[in-house]
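Before any comments, here is the structure.
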Amino acid sequence: MNTTAQRTIPAPLRNSENEPYFAAAEEGKLLVGKCSDCSEYHFYPRTICPHCNSDSVEWLPSNGKGVIYSFSTMRRGVPVPYTIAYVTLDEGVSMMTNIVNADPDSLNIGDKVEVVFEPTEDGTPLPMFQPLSG
Amino acid sequence: MTINGKAYVVGAYEHPTRKAPDKSVAQLHAESARGTLLDAGLTKEDIDGYFCATDAPGLGPLSMVDYMGLKVRHVDSTETGGSSYVVHVAHAAQAIAMGKCNVALITLAGRPRSEGSSGTQARNYGAAAPDVAFEFPYGMATANGYAMVARRHMYEFGTTSEQLAWIKVAASQHAQYNEHAILRNVVTVEDVMESPMIADPLRRLDCCVVSDGGGALIVARPEIAKQLKRPLVKILGAGEAPKNQNGGKVDLTTCAAALSGPAAFAEAGVKPSEIQYASIYDSFTITVLMQLEDLGFCKKGEGGKFVADGNLISGSGKLPFNTDGGGLCNNHPANRGGMTKVIEAVRQLRGEAHPKVQVPNCTLALAQGMGGNLGSRHASGTLIMERQ
Ligand SMILES: [Zn+2]
Chain W
558 MNTTAQRTIP APLRNSENEP YFAAAEEGKL LVGKCSDCSE YHFYPRTICP HCNSDSVEWL
618 PSNGKGVIYS FSTMRRGVPV PYTIAYVTLD EGVSMMTNIV NADPDSLNIG DKVEVVFEPT
678 EDGTPLPMFQ PLSG
Chain Z
1379 MTINGKAYVV GAYEHPTRKA PDKSVAQLHA ESARGTLLDA GLTKEDIDGY FCATDAPGLG
1439 PLSMVDYMGL KVRHVDSTET GGSSYVVHVA HAAQAIAMGK CNVALITLAG RPRSEGSSGT
1499 QARNYGAAAP DVAFEFPYGM ATANGYAMVA RRHMYEFGTT SEQLAWIKVA ASQHAQYNEH
1559 AILRNVVTVE DVMESPMIAD PLRRLDCCVV SDGGGALIVA RPEIAKQLKR PLVKILGAGE
1619 APKNQNGGKV DLTTCAAALS GPAAFAEAGV KPSEIQYASI YDSFTITVLM QLEDLGFCKK
1679 GEGGKFVADG NLISGSGKLP FNTDGGGLCN NHPANRGGMT KVIEAVRQLR GEAHPKVQVP
1739 NCTLALAQGM GGNLGSRHAS GTLIMERQ
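Going line by line, the protein sequences match chains W and Z. All residue numbers for the first sequence refer to the working numbering, where the first residue is 558 and numbers rise by one. All residue numbers for the second sequence refer to the working numbering, where the first residue is 1379 and numbers rise by one.
Put into structure tokens, the structure is as follows:
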């Protein structure tokens, strides 16, 4: 069951600061922020480190794998049910996302997932996650 | 510098409407202001400070002061979402302690019911909000954000849906006596469990009502409060704090009440076990559970047992809560429950709650507000008040 096929996903509001993130998404890459001074990762990526205020921040590709931290499937009041989640990436940061290509009732916290890019209304791909195959 | 004893809540008024398609939001603010002035026994000319949040029509306090014809020397439009009005009481007390005003008016109004608002619609705070591009497209609404908190709490602590349902049960026990409450039927755990799933694990009866309405408060310096004919409600202490995703170090099972609560208790010089009545922000059942734990009314992870033991029910429980029926049953004007939390706490301290739910000899009460979304970024306000 591919619920995203029927669901209209709003396009992200791109701006000069977040543009590299969505440009990378168009190349199938999920970027996370990493600080050159305190070495901490952060999400969502910013130009100044939210942990130590350094402006030496790189946006690096994540390996795209993680585990479900929490999730919820919206069942009412929406045209198509969808599952929102936080996924904790292997890099250690958690990001808000959707879980797709899965039966929502079969999901559990701690499940391993991998990134998959789904198109939004204007074509901009958005990183979502599906159960890790194999 | 402390606000302990520096100011009193002298006026508290809850607008009786729950659906107001034929009134403007500004009108509801003004009607609420009139109501609280009558309650306090003051006149518009006595007001020299005005507080509202940024959802007030127009340019917040500028538009509202103009519309209501107020002559003030101090304004404050602190925005912390639904907790704003709890925070406003503290800020009013601070302004009074600093000599910036003597009598502060706080108003709230909104018409989400008439305007078709729902907690299942994704919230878009505009392109300038830095998080919007990373969250809005995923369908982050109110209900599913809080649902993720509930799911994680269940995972970490074994909390159950049946335990959460007890919070609605307690609210409904109180709401049956409130003639203005939207939901007056007493419900059971089974009723909650059988209501439709909205955003799992939260069901329809885990959610608050959507209502039009408003409310207003007046905070005044002690010399003025003591000249009035109303019971004296003294402000003892307050705390406020935001919490968020912490740059990706997401932790959904502790909320900002863990910061605002200890600050308020320290300023007030009291302990959680001394509180006789608590208004606890109740956008969802899980919202209540999180705040009970983080304020220290029970240990972290034991909120489920605490509520399922019936502790929130007035007359039998250890910590009677939301005796007006709260947001879960009575009223959640403008989708912002902080105002009604303060109002019912003031009623309890005055001995003016409904006799069936009035806490006997209630002298120490807490009002707890939560704004924003526990699933992403939120702000807590805690206020402790004493009947003198
Ligand atoms: Zn850093």
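Using N, Cα and C, we set each Cβ at its ideal position, and we do this for glycine too.
Cutoff 8 Å: residue i Cβ touching any chain W Cβ
i                  : result
Pro1515 of chain Z : yes
Gly1681 of chain Z : no
Thr1498 of chain Z : yes
Gly1750 of chain Z : no
Gly1625 of chain Z : yes
Glu1574 of chain Z : The sequence shown places Pro at residue 1574 of chain Z, rather than the Glu named in the question. Closer than 8 Å to some Cβ of chain W, the Cβ of Pro1574 of chain Z qualifies, so yes.
Asp1433 of chain Z : no
Arg1530 of chain Z : yes
Phe1512 of chain Z : yes
Leu1630 of chain Z : yes
Cβ shell of residue i (< 7 Å), same chain only, five flanking positions each side left out
i                  : result
Asp1672 of chain Z : Thr1632, Cys1633, Ala1635, Ala1636, Gly1639
Met558 of chain W  : Because Met558 of chain W carries a pLDDT of 46, less than 50, the predicted location of this residue cannot be relied on, and the following value inherits that uncertainty. Asp660, listed in sequence order.
Met1692 of chain Z : The sequence given here places Ser at residue 1692 of chain Z; Met does not occur at that position. Taken in chain order, the residues that qualify are His1552, Pro1698, Thr1701, Val1735, Val1737.
Candidates the options, of which the one nearest residue i by Cα
i                  : options                                    : result
Ser1694 of chain Z : Z:Gly1704, Z:Gln1654, Z:Cys1676, Z:Thr1665 : Z:Gln1654
Gly623 of chain W  : W:Asp668, W:Tyr598, W:Gly590               : W:Asp668
Ala1549 of chain Z : Z:Cys1479, Z:Ala1656, Z:Pro1490            : Z:Ala1656
Pro1508 of chain Z : Z:Gln1623, Z:Gly1715, Z:Gly1447            : Z:Gln1623
Val1467 of chain Z : Z:Ser1754, Z:Ile1484, Z:Ala1686, Z:Ala1757 : Z:Ile1484
Ala1431 of chain Z : Z:Gly1523, Z:Gln1499, Z:Glu1513, Z:Ala1594 : Z:Ala1594
Thr1395 of chain Z : Z:Pro1733, Z:Ala1712, Z:Gln1726            : Z:Ala1712
Met1532 of chain Z : W:Tyr639, W:Tyr626, W:Pro636               : W:Tyr626
Thr1663 of chain Z : Z:Ile1576, Z:Gln1472, Z:Cys1586            : Z:Cys1586
Distance, residue j Cα to residue i Cα
i                  : j                  : result
Ala1543 of chain Z : Asn572 of chain W  : 43 Å
Pro1650 of chain Z : Glu1534 of chain Z : 24 Å
Thr561 of chain W  : Met1763 of chain Z : Caution applies to Thr561 of chain W, whose pLDDT of 47 falls short of 50 and renders its modelled position unreliable; the model cannot decide the point.
Val1724 of chain Z : Val670 of chain W  : 50 Å
Gly1703 of chain Z : Ile1425 of chain Z : 31 Å
Glu584 of chain W  : Ala568 of chain W  : 17 Å
Cys1707 of chain Z : Ile1560 of chain Z : 6 Å
Asp647 of chain W  : Val673 of chain W  : 15 Å
Arg1755 of chain Z : Pro1620 of chain Z : 7 Å
Ala1616 of chain Z : Leu1486 of chain Z : 20 Å
Thr1716 of chain Z : Ala1743 of chain Z : The sequence shown places Gly at residue 1716 of chain Z, rather than the Thr named in the question. Distance between the alpha carbons of Gly1716 of chain Z and Ala1743 of chain Z: 15 Å.
Ala1521 of chain Z : Glu1601 of chain Z : 45 Å
Ser1492 of chain Z : Gly1592 of chain Z : 13 Å
Test: residue i CB closer than 8 Å to a CB of chain Z
i                 : result
Thr604 of chain W : no
Asn575 of chain W : yes
Ala568 of chain W : yes
Ser651 of chain W : yes
Val635 of chain W : yes
Asn620 of chain W : no
Asn655 of chain W : yes
Phe628 of chain W : yes
Spatial neighbours of residue i in its chain, beta-carbon cut-off 6 Å, leaving aside the 5 residues before and after
i                  : result
Gln1554 of chain Z : Arg1562, Val1564
Ala1434 of chain Z : Met1442
Leu1583 of chain Z : Lys1546, Val1570, Ser1573
Asn575 of chain W  : none
Inter-residue CB distance, residue i and residue j (contact presumed, cutoff 8 Å)
i                  : j                  : result
Gly1517 of chain Z : Met631 of chain W  : 6 Å
Ala1482 of chain Z : Ile1381 of chain Z : With 8 Å as the limit, Ala1482 of chain Z and Ile1381 of chain Z do not qualify as a contact, their Cβ atoms being about 12 Å apart.
His1552 of chain Z : Asn1709 of chain Z : Actually they do not touch by this definition, with Cβ atoms about 12 Å apart.
Phe579 of chain W  : Thr681 of chain W  : 6 Å
Val1450 of chain Z : Leu1606 of chain Z : 20 Å between Cβ atoms; not a contact.
Proximal residues of chain B, C-beta to C-beta of residue i below 7 Å
i                  : result
Leu1440 of chain Z : Any reference to chain B falls outside this structure, whose protein chains are W and Z.
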